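Protein chains: 2
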Amino acid sequence: MKYTAVTNQIIQALCNLVGPTNIISNPADLGKYAVDEMPRYDPHLPGVVVKPHSTAIVSAILHFANQHRIPVTPRGAGTGLSGGAVPIYGGILLSTERMNRILEIDEANFTTEVEPGVTLDQIQQAVEAKGLYYPLYPGEKTATIGGNIAANAGGMRAVKYGVTRHFVLGIEAVLPSGEVIHSGGKFVKCSTGYDLTQILIGSEGTLAIITRAILKLMALPDKREVLFIPFNSLADAIGAVPAILREGILPIGIEFMEDDIVRMVRESANIDLPLPGYPAYLIIILEGHTEEEVLNTAKRVGAICQRYGAVDTYIPAGERARRRLLEAREKFYPTIKSAGLMELADIVVPRSCIADFIARVKEISLKHDLPIIAYGHAGDGNVHLHPFGRGIDRAEWNARLKSALHDLYQAGASFGGAASGEHGIGYDKKAYLSTTVDKATLEAMKAIKHTFDPNNIMNPGKIFDLD
Amino acid sequence: MKYTAVTNQIIQALCNLVGPTNIISNPADLGKYAVDEMPRYDPHLPGVVVKPHSTAIVSAILHFANQHRIPVTPRGAGTGLSGGAVPIYGGILLSTERMNRILEIDEANFTTEVEPGVTLDQIQQAVEAKGLYYPLYPGEKTATIGGNIAANAGGMRAVKYGVTRHFVLGIEAVLPSGEVIHSGGKFVKCSTGYDLTQILIGSEGTLAIITRAILKLMALPDKREVLFIPFNSLADAIGAVPAILREGILPIGIEFMEDDIVRMVRESANIDLPLPGYPAYLIIILEGHTEEEVLNTAKRVGAICQRYGAVDTYIPAGERARRRLLEAREKFYPTIKSAGLMELADIVVPRSCIADFIARVKEISLKHDLPIIAYGHAGDGNVHLHPFGRGIDRAEWNARLKSALHDLYQAGASFGGAASGEHGIGYDKKAYLSTTVDKATLEAMKAIKHTFDPNNIMNPGKIFDLD
C-alpha cells in the first residue's frame with residue numbers, strides 16, 4: 001500500500017476543515033493516540049489527530065483523505081483490546097471525542113439517538129434517569145458507543161440481551177467518498193433493502209465512520225440478585241447452564257471461572273471472595289422488576305445448580321456484598337494485566353463445549369510451558385484466555401506465545417468456534433482470522449471492503465490485509 | 468439486461484446436474500411457480516424449475532447459470548407478498564423444496580440447524596417436541612425458513628423477540644460464482660470480520676442462496692393469555708402501549724385494529740368477536756412459564772389499559788375461546804383478500820406515530836376515493852394497509868391505487884418510517900424504495916449487489932433495478 005505522508009500542507013488543509021482548536025499535530029501530544037488498552041503492542045503514532053464535531057466535517061475529512069490517499073483511523077475512547085483504534089499506518093486519526101451529544105431520548109418509542117463519541121456510562125446514566133435501560137454491558141463504561149458498535153461489543157449480558165448488534169436500530173454514517181448514508185430508524189422491523197446498519201456493526205471502522213446511532217431501550221429493571229456457586233469441576237458448572245435456561249430462566253450473566261483467577265484476585269486485588277478452595281465457580285446475575293421475582297428465581301437457580309453438582313450457593317446479603325462480588329469479577333482483567341507479560345484471546349465456542357475446550361487449553365498450556373488463565377461467559381460460550389509470561393524474557397515469551405496462540409485458535413475452530421467473540425480482530429488477531437473463516441468467506445469480506453473503500457484508506461491493516 | 472434464454476440444451480445440462488426427477492420443464496407444470504400469494508400480479512413463468520437437494524448441486528447450478536448469464540430466482544413455499552419469488556425474467560427457478568431436512572436440534576446449545584426448504588411449522592413442531600422454542604411467528608406457518616430469512620420476516624411477536632434477523636446465528640450460502648461461504652455458528656457473540664449472515668438476511672435472494680441456517684432457540688413457555696381491549700379511539704389504544712412496556716411487561720404481541728376490519732371479519736368469516744361497536748381495539752398476547760405469572764401480568768395489563776382509556780377488557784375463558792380470538796386476527800388478511808381488488812402495503816413507522824400516521828392514511832383514502840383498511844402491530848410500528856377496489860374497473864383501480872400508494876409511502880417517510888417492515892420490497896415495491904432510502908444509501912446497496920453478483924443473475928429485478 002502506498003499512502004501519502006502527512007505534511008504541513010495537509011495539516012493546514014485539515015485545520016481549515018476542522019478549525020485550529022480541533023486538531024493536534026505537535027508530535028509530543030500524539031502519544032495518547034498511539035496505543036489502546038492492550039499493553040502488548042508497540043505504539044504507532046498518527047501523523048495528525050482531528051476532532052470533528054459534525055457529520056459535515058467528518059464528510060469533508062474523508063473526502064479529502066480519500067482524494068489524497070491518506071489513511072484514516074477512527075477512534076473513540078481507545079479502550080479496545082485488539083489494536084483496532086491504533087493508527088498502524090500513521091495518517092489521520094479521527095477522534096470522535098467532540099461528537100459526544102445525546103441527541104434524543106424518546107420515551108414513547110424506547111429509543112435514544114446518540115453521536116458516536118458518547119460513552120456507555122453517559123448513555124446509561126441518561127436513560128436510567130428516565131426509567132429506561134440500555135442493557136448491554138461490555139465491561140468498560142468509559143468506552144464510546146461508536147467503539148462498541150465498531151467492535152460489535154458483547155459483554156456478560158449476551159445470554160439474555162444479545163450484543164451491540166441487537167440494540168442498534170439505525171445509523172448515519174460517512175463513506176470514504178464523503179457520501180452520507182442512513183439506515184434503519186426508530187423501529188425493530190425493517191425489510192427495505194440490504195441492512196447497511198448490520199454491515200457496519202462489527203466492521204471495526206474499516207468501511208465507514210458512524211456519525212449517529214439510534215439505540216433500542218427497554219424498561220429499567222431495578223432489582224438484582226447475584227449468586228456465587230462453587231462446583232467440584234468446571235464440567236459440572238458448565239453442565240448446569242442449559243438446565244437453568246431450560247426452565248425459562250434468563251439470567252443477565254452466567255460467568256465461569258476457575259480457582260486460579262479467584263485466588264489471584266483474592267491475593268493481588270485484596271478482595272475477599274467467599275467459599276474459597278473449589279475448582280470452579282459460576283457467578284449468576286439475575287434481574288427483574290420486583291424483589292420477590294428475583295429472589296424466587298435465585299432460589300430456583302440455586303436448586304438447579306445443586307442438582308447439577310454445585311457444592312454450595314452464596315447469595316450476598318444486601319447491596320454492598322452484591323457489589324463486592326461483581327467488583328471482584330471486574331478485577332479479573334486488571335489483575336492479570338498488572339501481573340506482567342500477558343496476552344488476551346477471546347475465542348467463542350458453542351456454550352456446551354466450554355469445559356472440553358478448556359481441557360484442551362490446559363494441554364496447550366503444558367505443551368508450550370506457558371500458564372494460561374481462562375474465564376468468561378458461560379452463558380454465551382465466550383472464553384477469555386490469558387497466556388502469561390512470568391519469569392521469561394520478551395523474546396522467549398514472543399516465541400512461546402506465537403505457537404501457543406496458533407494452537408488455541410485451532411482448538412477454538414475445532415469446536416466450531418470463532419476467533420473473537422467480542423473484542424474484534426483489530427490488527428492483533430489478523431493472523432488467526434483464517435483459523436475460523438474459510439477462504440471463500442474471507443474473499444467475500446474483502447470484496448465488501450473494496451466496494452466501500454476502493455482506496456483502502458479506512459483503518460487500513462485491520463481485520464485482514466488486502467493483497 | 469441481456470440474459471440467455473432457457474433452451475433445450477440448457478435444460479439438458481441442468482438435468483445432468485440435478486437429475487431427471489428434480490427438474491420441471493413442461494410448460495403446463497410451470498404455472499404454480501409463476502406467482503406468489505399476492506393476487507394482484509400478472510404471472511411470470513420460469514423457463515425451467517430445478518429442485519436441488521444438496522449444497523454441492525446448488526453450487527453447480529449457480530456456477531452454470533453465472534457462466535451462461537441465466538437468471539436464477541430462489542423460491543421456498545411461494546407464500547411471499549411482494550413478488551420476491553416470482554421469476555420476472557424467466558430463466559431458472561431454484562426451488563428449495565427438496566432441501567427440507569432439520570439437520571440437528573442441539574438441546575445443550577439451544578440451536579437447530581436446518582436446510583432452507585423446511586417450513587416454519589416443521590421447525591416449530593420439532594423443537595417444541597423437545598421443550599424448545601423458535602418464537603418468531605411471521606403469520607404463515609407453511610412458509611419456508613429460507614423465505615423467512617430472505618425477507619427478514621417479522622410478524623406480531625417482534626415487540627418481544629425481534630425479527631428473523633435476531634434468530635439466525637449462522638449460515639452456509641452459495642454465491643453466484645458457485646463458491647460456498649460460511650458465517651457465524653452456535654453462538655450469539657461474534658466479532659470476527661464482517662457479518663455475512665446479517666448481509667444475506669433480508670437480501671431477498673439477490674446476493675446468494677442460503678443452503679443451511681443455524682437458528683437460536685429458547686425454552687418453551689407453555690402458558691399463554693390473550694386480552695381483547697376496546698378503546699374509544701385509536702389514539703387512546705396506541706397511547707397505552709408505552710405504558711405497558713414501561714412496567715417491564717413484554718407481551719409477545721400487541722395488535723391494533725379498527726372497527727372496519729373487525730366488522731368485516733365478523734360478517735365475512737362469520738367469527739363472533741366480543742365487545743362489538745367500539746372504534747379501536749388492542750389484542751395483547753402474553754406468554755410465560757407459569758399460569759400464575761401470565762394471569763397476574765394480564766391483570767396488570769388490563770389495569771394499565773383502563774388508565775389509558777380502555778372501555779373494557781375481555782379475557783377469554785379457556786383455551787378454545789383464546790384460540791378463537793387469535794384465529795379472528797389471522798383471518799384479517801384472507802378476509803380482505805377474498806373481497807376483491809386489493810393491495811397490501813406494510814409500512815413501518817415509529818410505534819408512537821401509528822395513530823397520527825393512520826389519520827393521514829384516512830385523508831389519503833378520502834383524497835383518492837379509495838377505501839383503505841389499516842391494522843397491524845402496535846408493538847413494533849408495522850402497519851398493514853389495504854387499499855380496496857370495490858365497484859370500480861381495473862383501469863380505474865390501477866390509476867387510483869398508483870397515486871394513493873405514492874401518498875401512503877410519502878406519509879410513512881414523513882414519520883421517519885421505512886417502506887416495508889416485514890414483507891420485503893420484491894418487485895412490487897421497487898418504485899417506493901426511494902421514498903424511505905436516500906440516493907447515497909441506495910447506491911451503497913447497489914454496490915454491494917454488484918460485488919456479490921456482477922452479472923446480475925440472482926433474482927434480478929427485485930428490490931431495485933440496476934442501471
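In the order they appear, the protein sequences are chains A and B. Here the numbering used here is used: the first residue of the first sequence is 1, the next is one more, and so on. Here the numbering used here is used: the first residue of the second sequence is 468, the next is one more, and so on. Glycine included, C-beta positions come from ideal geometry on N, C-alpha and C. Remember, predicted model here, so these are calculated numbers, not experimental data.
Whether residue i touches residue j by CB criterion (9 Å)
i: B:Tyr604; j: B:Phe695; result: no
i: A:Pro71; j: A:Asn382; result: no
i: A:Ile510; j: A:Ser365; result: Since the first and last residues shown for chain A are 1 and 467, residue 510 of chain A lies out of range.
i: B:Glu639; j: B:Ala593; result: no
i: A:Thr164; j: B:Pro817; result: no
i: B:Gly547; j: B:Gly928; result: no
i: A:Ile249; j: A:Leu282; result: no
i: A:Val58; j: A:Leu94; result: yes
i: B:Phe654; j: A:Gly162; result: no
i: B:Asp895; j: B:Tyr500; result: no
i: A:Tyr432; j: A:Leu405; result: yes
i: B:Asn763; j: A:Pro242; result: no
i: A:Lys141; j: A:Leu120; result: yes
i: B:Thr918; j: A:Ile181; result: no
i: A:Pro251; j: A:Lys160; result: yes
i: A:Pro46; j: A:Leu30; result: yes
i: B:Glu580; j: B:Glu574; result: no
Whole-Å CB distance - residue i paired with residue j, under 8 Å assumed
i: B:His535; j: B:Ile477; result: 7 Å
i: A:His44; j: A:Ile92; result: Actually they do not touch by this definition, with Cβ atoms about 13 Å apart.
i: A:Gly178; j: A:His63; result: 3 Å
i: A:Thr144; j: A:Gly76; result: 3 Å
i: A:Asn148; j: A:Gly202; result: With a Cβ gap of about 10 Å, A:Asn148 and A:Gly202 do not count as contacting.
i: B:Gln591; j: B:Tyr601; result: 6 Å
i: A:Leu286; j: A:Ala345; result: Actually they do not touch by this definition, with Cβ atoms about 29 Å apart.
i: B:Gly613; j: B:Thr563; result: 5 Å
i: B:Leu701; j: B:Phe723; result: 7 Å
DSSP-derived helix/strand/coil call for residue i
i: B:Thr439; result: In the structure as shown, chain B starts at 468 and stops at 934, and residue 439 of chain B therefore has no counterpart that could be examined.
i: B:Ala806; result: coil
i: B:Met724; result: strand
i: B:Asp823; result: helix
i: A:Thr192; result: coil
i: B:Val570; result: Reading off the sequence shown, one finds Leu at residue 570 of chain B, where the question assumed Val. Note: B:Leu570 maps to strand in three-state DSSP.
i: A:Glu267; result: helix
i: B:His890; result: coil
i: B:Gly901; result: Looking at the sequence itself, residue 901 of chain B is Ser, so the reference to Gly does not match. Three-state DSSP puts B:Ser901 in a helix.
i: B:Ile668; result: coil
i: A:His182; result: strand
i: A:His53; result: coil
i: B:Tyr628; result: helix
Cβ-based neighbour list, residue i, same chain, cut-off 8 Å, excluding 5 preceding and 5 following
i: A:Ile23; result: Ile11, Leu14, Cys15, Val48, Val49, Val50 and Lys51
i: A:Asn270; result: none
i: B:Thr903; result: Tyr876, Gly879, Ala880, Gly884, Ala885 and Ala886
i: A:Arg322; result: Arg224, Glu225, Val226 and Pro316
Cβ shell of residue i (< 7 Å), same chain only, five flanking positions each side left out
i: A:Leu326; result: Val226
i: B:Asn567; result: Glu582, Gly584 and Val585
i: B:Leu667; result: Ile638, Ala640, Leu674, Ala675 and Ile677
i: A:Ser25; result: Ile11 and Val48
i: B:Leu484; result: Ile524, Ala527, Ile528 and Phe531
i: B:Tyr775; result: Asp703, Gly706, Ala707 and Ala710
6 Å CB neighbourhood of residue i in its chain, flanking five on each side removed
i: B:Ala777; result: Ile696 and Phe698
i: B:Gly598; result: Leu687
i: A:Pro176; result: Leu62, Asn66, Asp453, Ile457 and Met458
i: B:Val732; result: Ile738, Ala795, Lys798 and Thr802
i: B:Glu671; result: Gly551, Ala617, Gly891, Lys929 and Ile930
i: B:Asp779; result: Pro697 and Leu742
i: B:Gly846; result: Val626 and Ile721
Counting pairs of Cβ atoms below 8 Å between the region 177–196 of chain A and the region 414–422 of chain A, do you hit three or more?
-> These segments do not touch.
Is the region 254–262 of chain A in contact with the region 372–379 of chain A, if contact means three or more CB pairs nearer than 8 Å?
-> Yes, the region 254–262 of chain A is in contact with the region 372–379 of chain A.
Cβ pair count under 8 Å reaching 3, the region 283–302 of chain A against the region 391–409 of chain A | Taking a contact to require three or more Cβ pairs closer than 8 Å, the region 283–302 of chain A and the region 391–409 of chain A do not qualify as touching.
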